[in-house]
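Under our numbering, the residues of the sequence shown are numbered 32 to 273, in order.
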Amino acid sequence: MPGEIPQGVWRGSELGSQVAETVPSGWAALDAQLPGGGWPRRSLTEVLTPQPAVCECRLLGGVLGQVAAAGGQVVLVGPAKPPHLPGLLHAGIGAAQVIWVKAETPAERLWVTEQMIKSDAAGAIVAWLPQARQEQVRRLQVCALACKAPVFLCRPEAARHDSSAAPLRLHTTFRLDWELEVDIFKRRGPAMDAPLRLPSIPGGLSSILTPRLLTPSRLTQAKEASHAVGSPAPRTREHALH
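Here you go:
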């Protein structure tokens, strides 16, 4: 095989680095696992969660803050809950930079999302599409190829087993010690060895939480240990002849 050919061949054991444009996530550990070193532009990213409008807002706060700092608009399509203004402000996102589209039905959410992607006018697009079908996601991915903004589709964790045209898919949930657990289960590259644990204390709380409250798991472990030490030994059954 000619020497120049292997240089142009991507191997499945290598993390893809040919993503043309990316935006840093705000976590160096996460960027190290994302092809291209950040959230991709001109492509869909699927974020799967146990319940809507909780984990994904914390996960995407860093990139949305960067978009706002650069003067871009953040478009939220059909979120399950109204945007939390104090949380947005702490992430550096002013109310004037948020476009909240109250699309009620699945068809409305899908239509608005497609139009926003095609317009290529937003700095970032986050759409909640829990009922999107495979062919609909594929259509959005085709549209996203011409969109400079990162596009995030938020879906329930049950969609993990569905086929999807999104090149990047991940699942995220909260852990006990103010952490986000992130499992990237589809990317251009090898499978992850283990999910990431990212520090994620809500805005403003880090300065008031005591060291004990920063690690609730230690409190739980100490409580379980005290119960184990203080528990009486099980009584042995006396023999009938005694």
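Where a beta carbon is used, it is the ideal one built from N, C-alpha and C, also for glycine.
(message) Which of the three DSSP states is assigned to W131 in this structure?
(response) Numbered from 1 along the sequence shown, position 100 holds the residue referred to as residue 131. It is a strand residue.
(request) Please confirm whether V173 and S195 have their CB atoms less than 8 Å apart. (result) Counting from one through the sequence shown, the residue named residue 173 turns up at place 142. Counting from one through the sequence shown, the residue named residue 195 turns up at place 164. It is not a contact, given that the beta carbons lie outside the stated cut-off.
(message) Does A51 pass the burial test, meaning 16 or more other C-beta atoms within 10 Å, or should it be called exposed?
(response) Position 20 of the sequence shown holds residue 51. Exposed, because fewer than 16 other Cβ atoms sit within 10 Å of the Cβ of A51.
(request) Using a threshold of 8 Å, state whether the C-beta atoms of R89 and P181 are closer than that. (result) Your numbering for residue 89 matches position 58 in the sequence shown. Your numbering for residue 181 matches position 150 in the sequence shown. No; because the gap between Cβ atoms is not below 8 Å, this pair is not in contact.
(request) Let me know if W87 comes out buried or exposed under the rule of 16 or more other beta-carbons within 10 Å of its beta-carbon. (result) In the sequence shown, counting from the first residue as 1, residue 87 sits at position 56. Looking at the sequence provided, one finds Glu at residue 87 rather than Trp. Flag for E87 reads buried.
(request) Measure from the alpha carbon of V157 to the alpha carbon of each residue in Q104, P55 and G68, then state which is nearest. (result) To locate residue 157, count along the sequence shown from 1; it is residue 126. Checking every option, the nearest Cα to that of V157 belongs to Q104.
(message) How far does the alpha helix (DSSP H) with H121 in it extend, from its first residue to its last?
(response) Stepping through the sequence shown from its first residue, residue 121 is reached at position 90. Its alpha helix (DSSP H) spans residues L116 to H121.
(message) Under 7 Å: does the beta carbon of L229 sit that close to some heavy atom of the ligand NAD?
(response) The ligand NAD is not part of the structure shown, which contains no ligands of any sort.
(message) Please classify H192 as buried or exposed, where buried requires at least 16 neighbouring CB atoms within 10 angstroms.
(response) By 1-based counting over the sequence shown, the position of residue 192 is 161. When all chains shown are included, H192 counts as exposed.
(request) Starting from the C-beta of P198, find all residues in its chain whose C-beta is less than 6 Å away, skip the five residues before and the five after it, and write them out in chain order. (result) Position 167 of the sequence shown, counted from the first residue, corresponds to residue 198. Hits under 6 Å: S74.
(request) Quick one: measure Cβ to Cβ for L184 and A163, integer angstroms, because I've assumed they're closer than 8 Å. (result) Within the sequence shown, numbered from 1, the residue matching residue 184 stands at position 153. Within the sequence shown, numbered from 1, the residue matching residue 163 stands at position 132. Contact holds; Cβ gap of about 7 Å.
(message) Under 8 Å: do the region 114-127 and the region 94-101 share three or more Cβ pairs, one atom per stretch?
(response) yes
(message) My assumption, with CB atoms under 8 Å, is that D214 sits in contact with P230. Please give the rounded CB distance.
(response) Counted from its first residue, the sequence shown places residue 214 at position 183. Counted from its first residue, the sequence shown places residue 230 at position 199. Between P230 and D214 the Cβ distance is about 17 Å, and since that is not below 8 Å, they are no contact.
(request) Indicate the three-state DSSP secondary structure (helix, strand or coil) for L171 in the structure shown. (result) Numbered from 1 along the sequence shown, position 140 holds the residue referred to as residue 171. Helix.
(request) Find out if the Cβ-Cβ distance for the pair W131, L95 is shorter than 8 Å. (result) The sequence position of residue 131 within the sequence shown is 100, counting from 1. The sequence position of residue 95 within the sequence shown is 64, counting from 1. Not closer than 8 Å, so no.
(request) Look up H202 in the DSSP assignment and give the residues it is bridged to. (result) As a position in the sequence shown, residue 202 is number 171, starting the count at 1. DSSP lists L79 and D214 as the beta-bridge partner residues of H202.
(message) Helix, strand or coil, according to DSSP, for T144 in the structure here?
(response) Your numbering for residue 144 matches position 113 in the sequence shown. In this structure, T144 counts as helix in the three-state DSSP scheme.
(message) On the DSSP letters alone, give me the boundaries of the beta strand (DSSP E) that C185 sits inside.
(response) Numbered from 1 along the sequence shown, position 154 holds the residue referred to as residue 185. Its beta strand (DSSP E) spans residues V182 to P187.
(request) Could you check what DSSP says for A155 in three-state terms: helix, strand or coil? (result) Working through the sequence shown from its first residue, we reach residue 155 at position 124. Residue state, collapsed to three classes: strand.
(request) Spatial neighbours of A175 within its chain, please: CB distance less than 8 Å, with the 5 preceding and 5 following residues excluded, ordered by chain position. (result) The residue given as residue 175 occupies position 144 in the sequence shown. Cβ neighbours of A175 within its own chain (closer than 8 Å, five residues either side excluded): R73, S74, L75, I148 and V182.
(request) Identify the continuous alpha helix (DSSP H) that holds L90 and give its terminal residues. (result) In the sequence shown, residue 90 corresponds to position 59, counting from 1. Here the alpha helix (DSSP H) through L90 covers C86 to A100.
(request) Have a look at D62 and A111 and give me their C-alpha separation to the nearest angstrom. (result) For the purposes of this step, residue 62 is identified with residue 31 of the sequence shown, where counting begins at 1. For the purposes of this step, residue 111 is identified with residue 80 of the sequence shown, where counting begins at 1. Their Cα atoms are separated by approximately 27 Å.
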